[in-house]
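> Counting from 1, position 256 in the sequence shown corresponds to residue 255 in numbering that gives the first Met the number 0; the numbering is continuous, with no gaps.
All C-beta atoms in this analysis are idealised placements derived from N, C-alpha and C, irrespective of residue type, glycine included.
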Amino acid sequence: MPPVPASVRFEIVSAALALAEERRSIQIAEAADIVGATVEDLRTYLEPVLFLEYRDSTRQLINRTGAFLLNEDDILSVDGGHWLRDWDSSEPNRESAMRLFLAATTYQAITDRPSMALNSAITKLRKLVAVEVIIPFVVPPCLYAVNAAWSAKRSLEFRYTKFKEEVGTDRVVLCWDVFYQWGAWYAFGPELSNDTPKYWRIDRMQDATVGPIDANPPADLARASEFDLSQMRREITVRVPPRIIYALPQPHKIIEREDESDGRVRARVAVDGDRQLDHLLVALGPDGDVVSPVEYIQRRQKCAEALLAAITQP
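#1: Excluding the five sequence neighbours on either side, which residues of its own chain have a C-beta within less than 8 Å of the C-beta of aspartate 288, listed in chain order?
#2: Could you check what DSSP says for glutamate 90 in three-state terms: helix, strand or coil?
#3: Taking 8 Å as the threshold (C-beta atoms), are leucine 75 and isoleucine 25 in contact?
#4: Can the beta-carbon of isoleucine 27 be found closer than 8 Å to that of valine 38?
#5: Runs of 3 residues minimum, wholly inside the segment 235-261: which ones carry the beta strand (DSSP E) assignment?
#6: Out of Leu124, Cys174, Glu165, point me to the one whose CA is closest to asparagine 146's CA.
#7: Using only alpha-carbon positions, find the residue among Arg203, Arg8, Tyr185, Arg233 that is nearest to tyrosine 295.
#8: Is DSSP giving arginine 263 helix, strand or coil here?
#9: For glutamine 59, name the three-state secondary structure that DSSP assigns.
#10: Using 8 Å as the threshold, is the C-beta distance between alanine 103 and leucine 124 below it?
#11: Taking all protein chains shown into account, decide if glutamate 257 is buried (16 or more other Cβ within 10 angstroms of its Cβ) or exposed.
#12: Entirely within the segment 93-177 and at least 4 residues each: give me those alpha helix (DSSP H) ranges in chain order.
#13: Reducing DSSP to helix, strand and coil, say where glutamate 71 ends up.
#14: If you draw a straight line from the C-alpha of valine 290 to the C-alpha of methionine 204, how long is it?
#15: What do you get for isoleucine 254, buried or exposed, if any count of 16 or more other CB atoms within 10 angstroms of its CB means buried?
#16: Measuring CB to CB, does serine 154 end up less than 8 Å from proline 211?
#17: Buried or exposed for valine 172, going by 16 or more other Cβ atoms inside 10 Å?
#18: Enumerated in chain order, which unbroken segments of the beta strand (DSSP E) with a length of 3 residues or greater are wholly contained in the segment 1-47?
#19: May I ask which residues mark the beginning and end of the beta strand (DSSP E) holding aspartate 213?
#20: May I ask you to report which of helix, strand or coil DSSP gives aspartate 271?
#21: Should the segment 240-253 be regarded as contacting the segment 263-282, the criterion being three or more beta carbon pairs within less than 8 Å?
#22: Starting from the Cα of alanine 148, find the closest Cα among Thr105, Asp176, Thr122 and give me that residue.
#23: Do phenylalanine 157 and alanine 207 have their beta-carbon atoms positioned less than 8 Å apart in this structure?
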């Protein structure tokens, strides 16, 4: 038997609670017979609204534990006001309408199965919001394939180009999670050849397809609140003209800065990884100097030699 749609469950629960409110109380068996559901199904549908507590968008605790009661004698009653009926018939406040509008619009932008019902809800929410909201949303071409692999709990095959590299490599990854954070879409999971889970930028993928290998995520899977790049951190102290300090390649972080008497700037700069470090060393140009560490002076010379060789190569 196919699952009962959420909309039908809502109608059954609303009708049963309306009966309980009208009669002050009703046996759950009688209510189930009237609304056209089995006793066990009605009991299951009622569970989410019994003894309910939740927090709203401002983290305020909303207590609905005493609104609907189902006692040990299977008698259903409405004691604390029929908030579900009122919620169904009243409009959300402006803040809630805006949050719902943004969430619904974003979902419609990324899904490969647009919903006509959701479109209708967005139209109603747009009237409540009463402002024109434009969401600049770029969907990576491989997102749909990644979502398909994640939903099916299967492996994901794709060609991946790392940051500041021009040549991609073929990867096979167990797709454990998909999410949007830090301004980009990510897939999370280990490669078949390596047990260490990694974050994969979906906009750096090409030719993504769903693979045949099962990819069941671990039960204790937790999404990181931020990347741990401490092992990749590189710090360097440089002396440069002020115009260069503003033109250093991104991303980087200026930890300390001091204006010197000769008009130059001494700065301690942090970057993540050797590729970004090499880019920074070359970007200092002939007017910039490496102060410390000493080994970066030699590294800069080698980077410059490699760049010169690439430029002069016939």
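In terms of the structure at hand:
#1: Val237, Arg238, Val239
#2: The three-state secondary structure of glutamate 90, taken from DSSP, is coil.
#3: yes
#4: Yes, Cβ-Cβ distance for isoleucine 27 and valine 38 is below 8 Å.
#5: 252-258
#6: Cys174
#7: Arg233
#8: coil
#9: coil
#10: yes
#11: exposed
#12: 93-109, 115-128, 142-151
#13: Glutamate 71: coil per DSSP, three-state reduction.
#14: If you take the alpha carbons of valine 290 and methionine 204, they lie about 38 Å apart.
#15: exposed
#16: yes
#17: buried
#18: 24-26
#19: 204-213
#20: strand
#21: Touching, yes.
#22: Closest in C-alpha terms to alanine 148, from the list Thr105, Asp176, Thr122, comes Asp176.
#23: yes
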